[in-house]
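Undergrad: Can you read through this structure? Questions will come right after.
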Amino acid sequence: MRPAADEYAPFIPEGDALVLAAASSPAERDLLHDWLDQQRRDHPGAKIDVLLLPDSDDPPPTVLAQLVAELQEDEDRSVVPVRVFWVPGGLPTRSKVVALLSGRDTYRPPEILQRRILRRDPSRARVVAGEPAKVSELRQQWADTTAAENPREFARFVIRRAILAIERVELRLLGPEYKSPRLIKPEIMASSRFREGLEKIPGASLEKAGEMLDELSTGWSRFSVDLIPSLGRAVFSRGFDPNIDYIRDEVELLRRNLENHPAVLLFSHRSYLDGVIVPVAMQENRLPPVHTFAGINLSFGFMGPLMRHSGVIFLRRKLDDPLYKYVLRQFVGYIVEKRFNLSWSIEGTRSRTGKMLPPKLGLLAYVADAYLDGRSEDILLQPVSISFDQLHETSEYAAYARGGEKTPESVEWLYKFIKAQGERNYGKIYVRFPPAVSMREYLGVPHGPMATDPDAKRLALQKMAFEVSWRILRATPVNASALVSALLLTARGTAMTLDQVHHSLQPALDYLELKQTPMTNSALRLRTPEGVRAALDALSGGHPVTCVEGGREPVWRIAPENEHEAAFYRNTLIDAFLETSLVELALVHAGRAESDQVDAFWTQVMRLRDLLKFDFYFAGSAEFREHVAEELSWTDDWQARVVGGEEQVNELLRVKSPLLAGAMLRPFFEAYWIVAEALRDAPAQLDEKELTNRALGLGNQYVAQNRVRNNESVSALLFATARQVAADQHLLEPAPDLAERRLAFRNELRAILRDMDQVERISLEQFFARERARRAARAQ
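Our numbering numbers the first residue of the sequence shown as 274 and each following residue consecutively.
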């Protein structure tokens, strides 16, 4: 806590003044009187009147009437807001928690304790004054921003301005991490902009709009800034290292950006912990708190008020009410205009597969509207990457993949979630803040062409959201759990020794270093056998690795029933190896082409990109082709080899290391193939649930028949995007040639899987060659 400074209590300006003083106890009134006496001695020529305000945002009628009379007396008189500021400390934690849940000011000691505190330490309280403003200036601001004409409404406006002026002073005393909006509802309800828009909505009323604002309104209480991150840290510290891993330069750049512009922090979402980690990261780095959007389903029991006073904005699951959509849009606009920060998951929900989901644009469109309406010169979209060494939620995700249902949130669910956090050590949490995306850069100037062109605005929003997601992907470090899981999954249940795992990981580590892909310390330690053993031990016990001991040496495997959990970790790193995997498949395809092999390569690599576009992020077409060309730079004569046919391509692949197409992409193409098989005898139109059930049944049959190599391919989660692929190929709508096109699609996927088989055969040859060399070196 920073010490209070006298310069934050400015003197009353020369001339007459009306002091609006908030003092709610005898001790505070004594402090106020002493301060006023000092001001009168320092300004003997000034007439200083005082109006005591109750400790409330909405004063009683008698006080309001007094203020109306005072404001009408002299337009040239300055209004000076004054309040007693208490330096935090000394209140029992239990009392603070009760106060937090009730929404009371937990930084002000109870009246019964105030004099005792001041006798012990007079520096604990001081009078602070906000920036003065003349009555005439306040009246002009009122006329410019509100639709009201009643003098009492002007008095309420002055009180709100006074409260906000004092808040700014106290914020300078406390630090930016305590910044939070006040008076959201009365400020919005009094706005002429708000009322004009309300009149255009059929059936709308101020009363209904006010109820919706009550539902949305939130704000960090000062104590919650201290308490909530501490509670959050207590929850995740049960299973994780309490020290979150940051990059200091990223934090400092974020700090500078937040000083100049409001921001929307858009985070990746793999766990319920993400909503806890963002406020922890902001608080412990002394950054302004964020107001996080969450589904109304999380407002249960005591969690509702606790989260509201922790900056959580609860949203209805369906935004189909025109009045609610309007109120939400105005609410977002107010938050942005007052330069407070918002936050939500750019994916909209948790990724249960480990890979990033497509971005959701709904809330982002509201922020864009606020920008285009001129409520801010720019708004920064700040990507936030949150990743974990391990998660206990992977068992839940595995159940979803097998067709299970989501468990509803409740107090019992929360207890079980927190309890699961303490069952074992889950490693570290990594938070990254890659460079922010400027809304101005994509939308142009406020009130510009985008404001009246919805199609252009939507396209710009899509590009912005894609860029944010792309930056999150590029900043997320690869960890040891992902690399080890990816390797053991390729063994399809066969156990590997420590030496085999260690040697097999080295080509992938070489590739990541060559591409300058960020890695965690746990991944870097895989260069040593000790680091590999540490990673295997952390994943053992079926989480998802099984260690088999009792023989000459321990061996490790992923059992079939644990493949879905392992796939979650593997999927977090696929983007790092995606382009090189597509190159491998396209080379095999081109080697089998009868003519124009180079053209066949480029056609196939673009086709693979198109098929996978619902599962992964890709650069634009031109940039993607450049990336592919770069991936081929390990050889100078790839085109000549491709023209030479299948054998020449095989020789080309034998010198490429690592070969990863099967390890990274087989589950996805097998899932697509299963859905294509399910469509062969299906009606032209069928809903998602019916198609998923058909695919699950067929997939389980194919696993039993060994026609599908991976249990993880039989996944309701993967079938969801497989259905999108089929829809994109127009295979879910009636057509005369539908049966033929469905069959052709199935055959195309079978051909891709055959190409993958060839890559895996060569990869297996490489593995055995390394094993022979390793054993020969040992024997010497």
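Every residue gets a Cβ at the ideal spot worked out from N, C-alpha and C, and that includes glycine.
Treat the numbers as computed from the prediction; the structure is a model and nothing was measured.
1) Tell me the DSSP secondary structure of G917 in three-state form.
2) Are the CB atoms of H564 and L500 nearer to each other than 8 Å?
3) Can you tell me whether D662 is buried or exposed, with buried defined as 16 or more other CB within 10 angstroms of its CB?
4) Tell me the rounded alpha-carbon separation between E1021 and G917.
5) Jot down the residue ranges of each uninterrupted alpha helix (DSSP H) in the region 954-994, minimum 4 residues, whole runs only, in chain order.
6) R953 and L1016 - do their beta-carbons sit closer together than 8 Å?
7) Which one of N794, L304 and K962 has the shortest CA to CA distance from E678?
8) Judging by CA-CA distance, which residue of W617, V400 and E950 is the nearest neighbour of L538?
9) Report the rounded CA-to-CA distance for T763 versus R939, giving the unit in angstroms.
10) For R744, which residues from the same chain have a beta carbon less than 6 Å from its beta carbon, with the 5 sequence-adjacent residues on both sides left out?
11) Residues bridged to V357 by DSSP?
12) For the region 599-608 and the region 632-645, state whether three or more C-beta atom pairs, one from each stretch, are separated by less than 8 Å.
13) Got a sec? Which residues, its chain only, sit under 7 Å from L325 by beta carbon, not counting five neighbours each side?
14) To the nearest whole angstrom, what separates the beta carbons of G676 and A989, a pair I think is in contact under 8 Å?
15) Could you check which residue in L446, E301 and E852 has the C-alpha nearest to that of E384?
16) How is R590 classed by DSSP in three states: helix, strand or coil?
17) May I ask you to verify whether the region 813-823 touches the region 832-839, counting CB pairs closer than 8 Å and requiring at least 3?
18) Considering Cα atoms alone, identify which of S754, M769, S683 and L799 is closest to S660.
19) Quick one: what does DSSP say D487 is sitting in, helix, strand or coil?
20) Assign P722 to buried or exposed, taking buried as 16 or more other Cβ atoms, counted over all protein chains shown, within 10 Å of its Cβ.
21) Quick one: what's G700 bridged to in DSSP?
22) Restricting to runs no shorter than 3 residues, where is the beta strand (DSSP E) found entirely within the region 755-825?
23) Going by DSSP, name the residue or residues bridged to L653.
24) According to DSSP, is E443 part of a helix, a strand, or is it coil?
25) Assign L411 to one of two classes, buried (16 or more other C-beta atoms within 10 Å of its C-beta) or exposed (fewer than that).
26) According to DSSP, S658 sits in a beta bridge with which residue or residues?
27) When the Cα of G288 is compared with those of A507, R313, L851 and G505, which residue comes out closest?
28) Relative to the C-alpha of P502, which candidate in L905, E525 and Q556 has its C-alpha closest?
29) How should N983 be labelled, buried or exposed, when 16 other C-beta atoms within 10 angstroms of its C-beta is the threshold for buried?
30) Contact defined as beta carbons within less than 8 Å: I believe V352 pairs with V431. What is the distance between those atoms, to the nearest angstrom?
31) Enumerate, from N- to C-terminal direction, the unbroken alpha helix (DSSP H) stretches of 4 or more residues contained entirely within the region 724-755.
32) Report the partner residues of T565 according to the DSSP bridge assignment.
33) In angstroms, rounded to a whole number, what distance separates the CA positions of L239 and R433?
34) When DSSP builds the beta bridges, which residues end up paired with K633?
35) For A444, which option in Y545, A402, F1040 and G970 has the closest C-alpha, if you only look at C-alpha atoms?
36) Per DSSP, which residues does T418 bridge with? Please list them.
TA: Quick look at the numbers:
1) coil
2) no
3) buried
4) 24 Å
5) 961-977
6) yes
7) K962
8) W617
9) 10 Å
10) P656 and P707
11) V400
12) yes
13) A294 and A296
14) 5 Å
15) E301
16) coil
17) yes
18) S754
19) helix
20) exposed
21) F513
22) 819-821
23) A536 and S711
24) helix
25) buried
26) R705
27) R313
28) Q556
29) buried
30) 6 Å
31) 727-748
32) V585 and S616
33) Nothing in the structure corresponds to residue 239, since the chain is present only between 274 and 1053.
34) In DSSP, K633 forms no bridge with anything.
35) Inspection of the sequence shows that residue 444 is occupied by Leu rather than by Ala. Closest by alpha carbon: A402.
36) T418 pairs with nothing; no bridge assigned.
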